[in-house]
Amino acid sequence: MGMQDAYDEMKDPEEEQEQKPLPQPQPEVKKTTGSTGASRAAAQPSAPEEELPTFEEPGTEQRAWYVVHCYSGYENKVRHNLEQRIETMGMKDKIFDVVIPTQEEIEVKDGKRRTVERHVFPGYVLVNMIMTEESWYVVRNTPGVTGFVGMGNQPTPLRPEEVAQILKRMEAEAPHVKVTFKVGERVRIVDGPFNDFRGTVAEIDQERNKVRVMVNFFGRETPVELDFLQVEKA
């Protein structure tokens, strides 16, 4: 299972992510004596233990990138918690890096441009580690972490080409432009010689950051190619 499977599970990054609260610890149950307490304890169902994944033989483990799922909106908190656990539990020789894939994005709102940092994969954190029972336990039991991405209970490392693609996207020099319009929608031109003209989106070229808009000139529909930042939803 690769990162593409994780993509399919994720919500649309453009949608506002729901802020889910972290689970609250359960109050401690005091022990009771006598048959009544024993019968109550017997009546309480025990929580099933999570099945451990299989691990490589000691000495054969390899360093790799793994995808960890967490509560949406708590990616930074999970990274902070995990980095603290790595330090206090002496796991620097097994867990090397914790990364939240982000990308600079330019959005246009009310004619104003602003640059924001957006999570590329909301609800997911990347961890570079050697997968052992001990390192798995440290990551899996970090507050906010809900599990590893993989087949069943078995964490699946990312392929090298997937890691390279993610890192390349993060290191892109030019910020990504957030597109708020779709083909067929009405837009208003906000910059350039056609400023304040209105038209219909005919084509969107994501690679070139270009949009083709059909504008009405003297009763004729004429295609005009513009940058993403030159138009906004009408």
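Taking this note's numbering, the leading residue of the sequence shown gets 285, the next gets one more, and so forth.
Think of the CB as a built atom: it goes at the ideal place given N, C-alpha and C, for glycine as much as any other residue.
From a predicted model like this one, the values you see are computed outputs, not experimental measurements.
Discussion item. Quick check on the DSSP output: what are the complete beta strand (DSSP E) runs of length 3 or more inside the segment 379-422, in order along the chain?
Written reply: 379-383, 386-393, 396-403, 408-414
Presumed contact (8 Å Cβ cut-off) between PHE405 and VAL461, rounded CB distance:
Contact doesn't hold; Cβ gap of about 19 Å is too wide.
Contact the segment 352-363 vs the segment 441-454: 3+ CB pairs below 8 Å = no
*Is it true that the CB of GLU367 sits closer than 8 Å to the CB of VAL382?*
yes
Exercise. Got a sec? Which residues, its chain only, sit under 6 Å from PHE481 by beta carbon, not counting five neighbours each side?
Worked result: ILE473, VAL499
Exercise for review: Could you pull out every residue in the same chain whose Cβ sits closer than 6 Å to the Cβ of ALA348, ignoring the five residues on either side in sequence?
Suggested key: PRO441
May I have the straight-line CA-CA distance separating ILE488 from VAL467, to the nearest angstrom? 7 Å
With a Cβ-Cβ cutoff of 8 Å, do GLU335 and ASN437 count as a contact?
-> yes
| query | Under the three-state reduction of DSSP, which class applies to GLU516: helix, strand or coil? | reply | strand
Identified DSSP bridge partners for THR506: VAL499
Applying the 10 Å Cβ sphere with the 16-neighbour rule, what's the burial state of GLU418? exposed
Does the separation of the CB atoms of THR416 and GLU345 fall below 8 Å? yes
What would DSSP say about LYS376, mapped onto helix, strand or coil?
coil
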